[in-house]
Amino acid sequence: IAMLGTNLVFTASGWANQTNYLIASTDLTLPPSQWTTIATNFSDLSGNCMFTNAIPAGVPAQFYRISLP
């Protein structure tokens with residue numbers, strides 16, 4: 034995870050040729066099935082995937098996960 038201006042940049046590797054989902058929640062205790070999908074991306078043949086997401090204004094804490102279907 035890196036910060037670039039007002040964006041967070043998430044990079045992942047290891048899942049070649051897969052659809053990856055960036056999910057988020059303000060409540061870390063919720064099961065991932067109840068988190069909101071905020072972005073979708075497809076990993077390349079090497080398994081690399083990247084998401085760029087704006088930092089939400091007015092949200093005191095946001096938790097993120099990258100998941101597969």
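Counting in this note's numbering, the sequence shown runs from 34 upward without gaps. We treat Cβ as the ideally placed atom computed from N, Cα and C, and that holds for glycine. Keep in mind the model is a prediction, meaning the values are calculated, not measured.
(message) For residue 67 and residue 54, what's the separation of their Cα atoms in angstroms?
(response) Those two C-alpha atoms are separated by around 13 Å.
(request) Quick one: residues in its chain with C-beta nearer than 6 Å to the C-beta of residue 44, no 5 flanking neighbours on either side, listed in chain order? (result) Closer than 6 Å at the Cβ level, and outside the excluded window around residue 44, lie 83.
(message) Using C-beta distances below 7 Å, list every residue in its chain close to residue 102, excluding the 5 sequence neighbours before and after it, in chain order.
(response) Cβ neighbours of residue 102 beyond the five flanking positions: 52.
(message) For a test of the three-state rule: what should DSSP assign to residue 76, helix, strand or coil?
(response) In the structure shown, residue 76 sits in coil (DSSP, three-state: anything other than H, G, I, E or B).
(request) Just the C-alpha distance for residue 86 and residue 62, rounded to the nearest angstrom, thanks. (result) Here the C-alpha atom of residue 86 lies approximately 22 Å from the C-alpha atom of residue 62.
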